[in-house]
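Visitor: Sequential numbering from 2 applies to the sequence shown in our numbering.
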Amino acid sequence: MSKIFGYCRCSTSESAGLQSFDHQQEELIKHGVKPEDIFTERISGTKENKPVLSKLLETCEPGSTIKVYELSRISRSIRDFNNTVEIIKQKKLRLELIMNNITIDFTKDKIDPFTEFFLNIIISFSSLEVSIIRERVRSGMAATTKRIGRPPMSKERLENDALFLKYYLRWKNKEINLSEMSRLYGHSRKNCREKIRIYENRTNH
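1. Can you list, in chain order, the residues of its chain with a C-beta nearer than 8 Å to that of L57? Leave out the 5 residues immediately preceding and following it.
2. Using alpha carbons as the reference points, say which of Q20, S78 and I88 lies closest to K175.
3. Report yes if the CB atom of S189 is closer than 8 Å to the CB atom of S183, and no otherwise.
4. When DSSP builds the beta bridges, which residues end up paired with R95?
5. Excluding the five sequence neighbours on either side, which residues of its own chain have a C-beta within less than 8 Å of the C-beta of F22, listed in chain order?
6. Have a look at L94 and R43 and give me their C-alpha separation to the nearest angstrom.
7. Whose C-beta lies closer than 8 Å to the C-beta of L54 among residues of the same chain, with five residues either side of it excluded?
8. Taking its Cβ as the centre, do 16 or more other Cβ atoms sit within 10 Å of N178, making it buried, or is it exposed?
9. Assuming the contact rule is C-beta atoms closer than 8 Å, E49 and S78 should be a hit. Round their C-beta distance to whole Å, please.
10. From the DSSP output, in three-state form, read off R77 for me.
11. Determine the closest residue to I199 out of Y169, G187, Y186 and L185, with distance taken between C-alpha atoms.
12. Please state the DSSP three-state secondary structure of I149.
13. Could you give the distance in angstroms between the alpha-carbon of L166 and the alpha-carbon of T47?
14. Secondary structure at I177, three-state DSSP: helix, strand or coil?
15. Alpha carbon to alpha carbon, what distance is there between L96 and V69?
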């Protein structure tokens, strides 16, 4: 019997402030997934062995649907994503990527060429993003250690820092944790924490 399942993944964190599953779960429930049928997993998207996702794929019977918030929740690796799609194909399942507005339907044996092409583009960009983030962290950390005599941090400077505001809002909405904000923003956790403190203290006055 076909059934609808949901899958949520958040990255791991080495310290306090774990990323919340709440936003993903809310979207899945909004799109027809029952809370008890949502599988959650805390693991890096670059890891190819995701135990909970593997368990979900084993649980699904032919004709079942798996709904995911966005493609990067499944994987950030082209090879890993292709392997997952192959399992979905073999089991004749249906995968819905809510934010990407893509449905991969293997209950009818194959997907249309345009969908396959579009998927390859998205996963390529996702994989590229991981590489860029890693490089940004390395160069950002190095640049931070070399800065001398920079002007004091202020609300005005932070309000003009588009990247800070972007990732601050995601952190504030619990979409990412402090470690992930650090990686995306390209600054140390200590630097991010200090900027948040200054921004919120000045903003709340």
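Yeah, the Cβ is synthetic: ideal placement off N, Cα and C, and Gly gets one too.
Since this is a predicted model, take the numbers as computed values, not measurements.
Guide: The structure says:
1. Position 56 of the sequence shown, counting from 1, holds the residue named residue 57. Answer for L57: F6, Y8, F40 and I67, listed in chain order.
2. Walking along the sequence shown from the start, residue 175 turns up at place 174. Closest option to K175, Cα to Cα, is Q20.
3. Mapped onto the sequence shown, residue 189 falls at position 188. Mapped onto the sequence shown, residue 183 falls at position 182. Going by C-beta atoms, S189 is nearer than 8 Å to S183.
4. One-based indexing of the sequence shown puts residue 95 at position 94. R95 pairs with T66 and D106.
5. Translated into the one-based positions of the sequence shown, residue 22 becomes position 21. Result list for F22: C9, C11 and T41, in chain order.
6. Start at 1 with the first residue of the sequence shown, and residue 94 comes out as number 93. Start at 1 with the first residue of the sequence shown, and residue 43 comes out as number 42. Roughly 23 Å separates the two Cα atoms.
7. If you number the sequence shown from 1, residue 54 lands on position 53. The answer, listed in chain order, is Y8, R10, F40, E42, I75 and T85.
8. The residue given as residue 178 occupies position 177 in the sequence shown. By the neighbour-count rule (16 or more Cβ atoms within 10 Å), N178 is buried.
9. Stepping through the sequence shown from its first residue, residue 49 is reached at position 48. Stepping through the sequence shown from its first residue, residue 78 is reached at position 77. So it is a contact: roughly 6 Å between Cβ atoms.
10. As a first step, residue 77 is located in the sequence shown; it is residue number 76 there, counting from the start. R77 falls in the coil class under three-state DSSP.
11. Numbered from its first residue, the sequence shown carries residue 199 at position 198. That would be Y169, whose Cα lies nearest to the Cα of I199.
12. Position 148 of the sequence shown, counted from the first residue, corresponds to residue 149. Reliability fails at I149, whose pLDDT of 48 lies under 50, so the model's placement of it is uncertain and the value that follows must be treated cautiously. Of the three classes helix, strand and coil, the one that applies to I149 here is coil, per DSSP.
13. Working through the sequence shown from its first residue, we reach residue 166 at position 165. Working through the sequence shown from its first residue, we reach residue 47 at position 46. So the alpha carbons of these two residues sit roughly 26 Å apart.
14. Reading the sequence shown from its first residue, position 176 is the one you call residue 177. Three-state DSSP puts I177 in coil, outside helix and strand.
15. Residue 69 sits at position 68 when you count from the first residue of the sequence shown. Residue 96 sits at position 95 when you count from the first residue of the sequence shown. When rounded, the distance between both Cα atoms is 8 Å.
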